[in-house]
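*Asks:* Counting from 57, one number per residue, gives the positions in the sequence shown under our numbering.
The beta-carbon is built from N, C-alpha and C at its ideal position, and this holds for glycine as well.
Keep in mind that this is a model prediction, so the values were computed, not measured.
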Amino acid sequence: MARHRWHILRDGASVTVARHLPVRLDLAVEGCLPLPASRPVSRTRVAQQIRQDMWRALQNLRGFSPVVRVLQDGAILRVTAGGRLATKAGAGDAETKITALLERPEMQARWLAHAARRAAHG
57 MARHRWHILR
67 DGASVTVARH
77 LPVRLDLAVE
87 GCLPLPASRP
97 VSRTRVAQQI
107 RQDMWRALQN
117 LRGFSPVVRV
127 LQDGAILRVT
137 AGGRLATKAG
147 AGDAETKITA
157 LLERPEMQAR
167 WLAHAARRAA
177 HG
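#1: By Cβ distance below 6 angstroms, which residues in the same chain neighbour residue 71 in space, the five residues on each side in sequence not counted?
#2: Ordered along the chain, which non-local residues of its own chain (more than five positions away) have a Cβ less than 6 angstroms from that of residue 63?
#3: I want to know whether the segment 79-91 touches the segment 133-145 - three or more CB-CB distances under 8 angstroms.
#4: I'd like to check one pair, residue 128 with residue 171: are the Cβ atoms closer than 8 angstroms?
#5: If you measure between the beta carbons of residue 118 and residue 142, is that distance less than 8 angstroms?
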């Protein structure tokens, strides 16, 4: 089985995870995650976890390629989640699903806990 590669772009305080370059956000939802004061988190790990969960929520959306950007802004992570669409006509309720995912407190806690374990990696 072929292993698919993801592009991880780092630019100062932001990290972007995407399958294709150039990064294209035909569909995008923004959200915020409060950073825990106790320890640092890896923006890369947060982006990868959100990408995985977004893919699970939208895996039946044909022609969809996820993109997640995480920007650290003080004590907040600003997240842009969405991606590339083969056609906008088929997007349906994708934005609603992404918004619901980003707003779920249990998902936010899981992403941050996972990212805190590997904070040394970016």
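*Replies:* In this structure, then:
#1: 99, 100, 103 and 126
#2: 74 and 77
#3: yes
#4: no
#5: yes
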